[in-house]
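Presented below is the structure to which this report refers.
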Amino acid sequence: MQIEIILNSKKVALDVKNDEFLADTLRKHGVSSVRKGCDTACCGLCTVWIEEKPTLSCATLSIRANGKNITTIEGLQKEAEEFAKVLVAEGADQCGFCSPGFVMTVLAMKRELKNPTEEEIIHYLTGNLCRCTGYLGQLRAIKKYLEVV
0 MQIEIILNSK KVALDVKNDE FLADTLRKHG VSSVRKGCDT ACCGLCTVWI EEKPTLSCAT
60 LSIRANGKNI TTIEGLQKEA EEFAKVLVAE GADQCGFCSP GFVMTVLAMK RELKNPTEEE
120 IIHYLTGNLC RCTGYLGQLR AIKKYLEVV
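Going by numbering that gives the first Met the number 0, the first residue of the sequence shown is number 0, and it counts up by one from there.
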């Protein structure tokens, strides 16, 4: 079946199977930042925005995205680069495999929460797993990026 989405501000028609997940559809379409790491919808690597809300694309059927705005890190390059610079400055970057999903979640949090507490930041990021860090560097970078003390 065919669906139409607005992918990073561009209207796109995609052929999908009835049981196909959005992460797989986006990968087939060449969106390499969308990754799958757990097959249980709990690692956050596949995070995209659907209608500006962070969503696990590995748990979302492609057909449910029909007619919706989908944003990936490719559509937020300037914002993502700004946050990436802070991550690097804080020594919080590691292998980078989880970075696109993590960055998408942090950028969504910045838009949604005003002056979040450390507890709110941790809660917002609960579904993002990183196998390389102890999260302290990432938390430091997020606070700096959000200018939260």
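All C-beta atoms, glycine included, are put in the ideal place defined by N, C-alpha and C.
Terminal residues of the beta strand (DSSP E) in which Lys-9 lies: 9-14
Residues near Leu-55 by beta carbon distance below 6 Å, same chain, minus five either side: Ala-40, Cys-45
Where Val-102 falls: helix, strand or coil (DSSP): helix
Other residues of its chain near Gln-1: CB distance less than 8 Å, five sequence neighbours each side excluded: Ala-12, Leu-13, Asp-14, Val-15
Check whether Ser-8 and Gly-66 have beta carbons under 8 Å apart: no
Buried or exposed (CB count within 10 angstroms, at least 16 for buried), Gly-43: buried
Nearest-angstrom Cβ-Cβ length linking Val-30 and Met-103, presumed shorter than 8 Å: Contact doesn't hold; Cβ gap of about 12 Å is too wide.
Residues sharing a beta bridge with Ile-2, DSSP: Leu-13
Leu-86 - containing beta strand (DSSP E), residue span: Note, Leu-86: premise wrong, no beta strand (DSSP E); alpha helix (DSSP H) at 76-88.
Environment of Cys-129 [buried if 16+ CB atoms lie within 10 Å]: buried
Bounding residues of the beta strand (DSSP E) (the contiguous stretch that carries Leu-55): 52-55
Contact under 8 Å by Cβ, Phe-20 with Ser-61: yes
At least three beta-carbon pairs within less than 8 Å, the stretch 74-94 to the stretch 116-128: no
Cα-Cα separation between Cys-57 and Ala-83, rounded to whole angstroms: 24 Å
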